[in-house]
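Residue numbers (numbering that gives the first Met the number 0): 0 to 615. Glycine included, every Cβ here is placed at the ideal spot set by N, Cα and C. None of these values were measured; they are calculated from a predicted model.
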Amino acid sequence: MASTITSIPEHSEDVQREHDVLNCHNDGQDRKKGGQSRSASSNNLVYGILDVPPWYLCILLGIQHFLTALGGLVAVPLILAKDLCLQHDPLTQSYLISTIFFVSGLCTLLQVFFGVRLPILQGGTFGFVAPSLAMLSLPAWKCPEWTFNATLVNTDSPEFIEEWQKRIRELQGAIMVASCVQILVGFSGLIGFLMRFIGPLTIAPTISLVALPLFESAGNNAGIHWGIAAVTIFLIVLFSQYLKNVAMPLPVYGGEKKCHTSKFYLFQVFPVMLALCISWLLCFVLTVTNTLPTAPTAYGHLARTDTKGNVLSRAPWFRFPYPGQWGLPTISLAGVFGIIAGVISSMVESVGDYYACARLVGAPPPPRHAVNRGIGIEGLGCLLAGAWGTGNGTTSYSENVGALGITRVGSRMVMVAAGCVLLLMGVFGKIGAAFATIPTPVMGGMFLVMFGVIAAVGISNLQYVDMNSSRNLFIFGFSIYCGLAIPNWVNNNSEKLQTGILQLDQVIQVLLTTGMFVGGFLGFLLDNTIPGSLEERGLLVWNQIQEESEETARALEVYSLPCGIGNTSCTAPCAQRLPFWPRREAGKGEQGVSLLSCFSPDPSGECSEGTEETKI
Numbered sequence: 000m001a002s003t004i005t006s007i008p009e010h011s012e013d014v015q016r017e018h019d020v021l022n023c024h025n026d027g028q029d030r031k032k033g034g035q036s037r038s039a040s041s042n043n044l045v046y047g048i049l050d051v052p053p054w055y056l057c058i059l060l061g062i063q064h065f066l067t068a069l070g071g072l073v074a075v076p077l078i079l080a081k082d083l084c085l086q087h088d089p090l091t092q093s094y095l096i097s098t099i100f101f102v103s104g105l106c107t108l109l110q111v112f113f114g115v116r117l118p119i120l121q122g123g124t125f126g127f128v129a130p131s132l133a134m135l136s137l138p139a140w141k142c143p144e145w146t147f148n149a150t151l152v153n154t155d156s157p158e159f160i161e162e163w164q165k166r167i168r169e170l171q172g173a174i175m176v177a178s179c180v181q182i183l184v185g186f187s188g189l190i191g192f193l194m195r196f197i198g199p200l201t202i203a204p205t206i207s208l209v210a211l212p213l214f215e216s217a218g219n220n221a222g223i224h225w226g227i228a229a230v231t232i233f234l235i236v237l238f239s240q241y242l243k244n245v246a247m248p249l250p251v252y253g254g255e256k257k258c259h260t261s262k263f264y265l266f267q268v269f270p271v272m273l274a275l276c277i278s279w280l281l282c283f284v285l286t287v288t289n290t291l292p293t294a295p296t297a298y299g300h301l302a303r304t305d306t307k308g309n310v311l312s313r314a315p316w317f318r319f320p321y322p323g324q325w326g327l328p329t330i331s332l333a334g335v336f337g338i339i340a341g342v343i344s345s346m347v348e349s350v351g352d353y354y355a356c357a358r359l360v361g362a363p364p365p366p367r368h369a370v371n372r373g374i375g376i377e378g379l380g381c382l383l384a385g386a387w388g389t390g391n392g393t394t395s396y397s398e399n400v401g402a403l404g405i406t407r408v409g410s411r412m413v414m415v416a417a418g419c420v421l422l423l424m425g426v427f428g429k430i431g432a433a434f435a436t437i438p439t440p441v442m443g444g445m446f447l448v449m450f451g452v453i454a455a456v457g458i459s460n461l462q463y464v465d466m467n468s469s470r471n472l473f474i475f476g477f478s479i480y481c482g483l484a485i486p487n488w489v490n491n492n493s494e495k496l497q498t499g500i501l502q503l504d505q506v507i508q509v510l511l512t513t514g515m516f517v518g519g520f521l522g523f524l525l526d527n528t529i530p531g532s533l534e535e536r537g538l539l540v541w542n543q544i545q546e547e548s549e550e551t552a553r554a555l556e557v558y559s560l561p562c563g564i565g566n567t568s569c570t571a572p573c574a575q576r577l578p579f580w581p582r583r584e585a586g587k588g589e590q591g592v593s594l595l596s597c598f599s600p601d602p603s604g605e606c607s608e609g610t611e612e613t614k615i
């Protein structure tokens, strides 16, 4: 069918697209203008992956991606703060938040330009939190008692600074060494081999146990003032679940009508941000009216907004994070093995994110070289995060993949803008300080919701397996239960696992107190040793998805490196053999793409019936 898009003036097309971006609720029907179907892709996208929206729209949507990832980015350093002896030093917490913003922006740009090349935002990973806490709970790294008493802590004293810096340097070293494993697995192509044995029954307990053991941390933060935490939870649930389909009128200027209103699904796009702002305002009102207690030992005192009030005044306007800002990293065997468990969890989750993102932005499934490159670049990102001292690594953010489906904007340039926004937020010191002053119970309420969702995401992987099978029920149930029971016993009876070799004892304790390692290892072992068909194990569907990753002309256009690297330049035969290098032509036995389809007038990009296929 011939397209009539060319008959629409270019300016009107841009205005209509901007209107569709604001009207971001996906009703599953094609948008029409003047009786003609107007779809940027077969997925009814406003902007496809290779489209470039206007610069101001890129900035706005980039800020939206930043706000979508905000909860996870801020949560990681705040969770680690207590075990880093920083619970009474919000200024340093703000430095960690700014650093994770900066590194996340840098890693996002690396992933978009040189990694898997899909619009996926990179940020701190909860997969590293559990092994980090397990490492910091070792006797050698437990915080001294005096650091828990705010009256005894002088945040400017060299003694206190050394206490928290030596712990974060230990985390840095472990993350940097463990990230080399991810770099090797990615760029060597080993991830494809490993995915043959890692199925939903391994992934489900691993991801679920990333969040389930953190219930104590979330509960303690929320327990500072359960009333404030409950308000935060209520608002997040209200906005994200009950009001997500409620459209708010938004004034818009442009087009034939000039000034007019457009529907904007505010609650669907910013549920967490709105809830945090309202709860923060409530705490401010209760502080000004002295409804919340002023005594530091009274229940609910930490819900006051003035307990960290000096942070904003002390924080610099601009602060540039740099590698080694906390000193030279140190390395311990126990920390490295623990973080490697988090690396494996992060890799498995990221591969799933790549395929989900490709579907949402109307791109073909990523070929093997793109997946290998994406995992390798994520490993490089973890190396940079360790060098900069975020106390964490980086991974693909599932929340932002979901946001692509809401906005229907899959443009790669929007994610470039999001990376630049993160870089700027990391340099602007007052931003990190502002988030460090959020009252503890407000963050506790957000943690409870967030960790519950992460656990549910892990369990959702079971949709691919036959849950009527007693085999699968046993594997999942046993893995989850052991992933909770064994770490709990080891934490309470660590002296019973002494071998006499200090480093070996530390490795055993870190691994056995990391629930996701215990559950994931048991799931992997049982799933690959107990007899079961591929369909029963859920591997049949996964294999079909990977088999669709063909080296078509469209895939080459989306996933090839910038500036024609590997396609028009650097095409030496030895480079073509590298597992992460783009292929110049389709592999043997794979379906080719019609040359005519590259110039087809059909906006869907599909070949018309009867079109002769010429394989590339």
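Between the options, which has its C-alpha nearest residue i's C-alpha?
i	options	result
W316	H300, A432, A416, L291	A432
I376	A149, P581, L183, M412	L183
S239	G519, G482, M445	M445
W279	P438, N487, V509	P438
D465	W488, L533, E398	L533
V420	C57, A149, A574, S397	C57
K243	P270, Y321, F427	P270
I235	K307, F186, I277	I277
L72	V128, C84, L83	V128
A574	C106, A314, L359, H368	H368
F427	G185, R168, L332, Y94	Y94
L332	M134, L69, V115	M134
P199	P52, A74, V347	V347
A297	D352, M272, I223, Y354	I223
I78	I485, I174, L379, G126	G126
L109	G378, L83, V350, V441	G378
I174	T389, F434, L423, K81	T389
Kindly indicate the opening and closing residues of the beta strand (DSSP E) around residue i.
i	result
F621	The question about residue 621 has no answer here: the residues shown for the chain are numbered 0 through 615.
Which residue or residues does DSSP assign as beta-bridge partners of residue i?
i	result
G122	T394
Y46	V408
M247	F263
F319	DSSP output for F319 lists no bridge partner at all.
Give the range of the alpha helix (DSSP H) segment to which residue i is assigned.
i	result
Q164	157-187
P486	469-491
R553	552-558
I430	428-435
A333	332-359
F101	89-113
N289	Taken as a continuous stretch (DSSP letters only), N289 belongs to no alpha helix (DSSP H), as it is neither H nor E.
T528	514-528
L211	Unbroken run through L211: none, as it is neither H nor E.
Y55	54-79
A229	225-236
F624	The structure shown has nothing for residue 624, since the chain only spans 0 to 615.
A133	128-135
I376	367-387
Q505	501-511
V310	309-313
R620	A question about residue 620 goes unanswered here, because the residues of the chain that appear run from 0 up to 615.
Less than 8 angstroms between the CB atoms is what I'm expecting for residue i and residue j, so what's the real figure, rounded?
i	j	result
T304	G172	Not really, about 37 angstroms apart at Cβ, beyond 8 angstroms.
T436	V287	About 15 angstroms; that fails the 8 angstroms criterion.
E535	T67	Wrong, their Cβ atoms sit about 36 angstroms apart, outside the cutoff.
R582	G326	Going by Cβ atoms, the distance from R582 to G326 rounds to 44 angstroms, so no, they are not a contact pair.
P320	W387	6 angstroms
I190	I343	With a Cβ gap of about 10 angstroms, I190 and I343 do not count as contacting.
V251	S261	5 angstroms
Stretch pair the segment 159-168 + the segment 199-207: three plus CB contacts closer than 8 angstroms: no
Inter-stretch contact (C-beta, 8 angstroms, three-pair minimum) for the segment 131-151 and the segment 404-418: no
Touch test, the segment 364-383 against the segment 391-401, Cβ-Cβ under 8 angstroms, three pairs minimum: yes
At least 3 beta-carbon pairs within less than 8 angstroms: the segment 94-112 vs the segment 44-52: no
Validate contact between the segment 469-482 and the segment 523-530 using beta carbons, cut 8 angstroms, 3 pairs: yes
Contact between the segment 557-564 and the segment 513-525 (3+ Cβ pairs under 8 angstroms): no
Stretch pair the segment 173-181 + the segment 519-526: three plus CB contacts closer than 8 angstroms: no
Sufficient close CB pairs (3 or more, under 8 angstroms) joining the segment 112-122 to the segment 329-338: no
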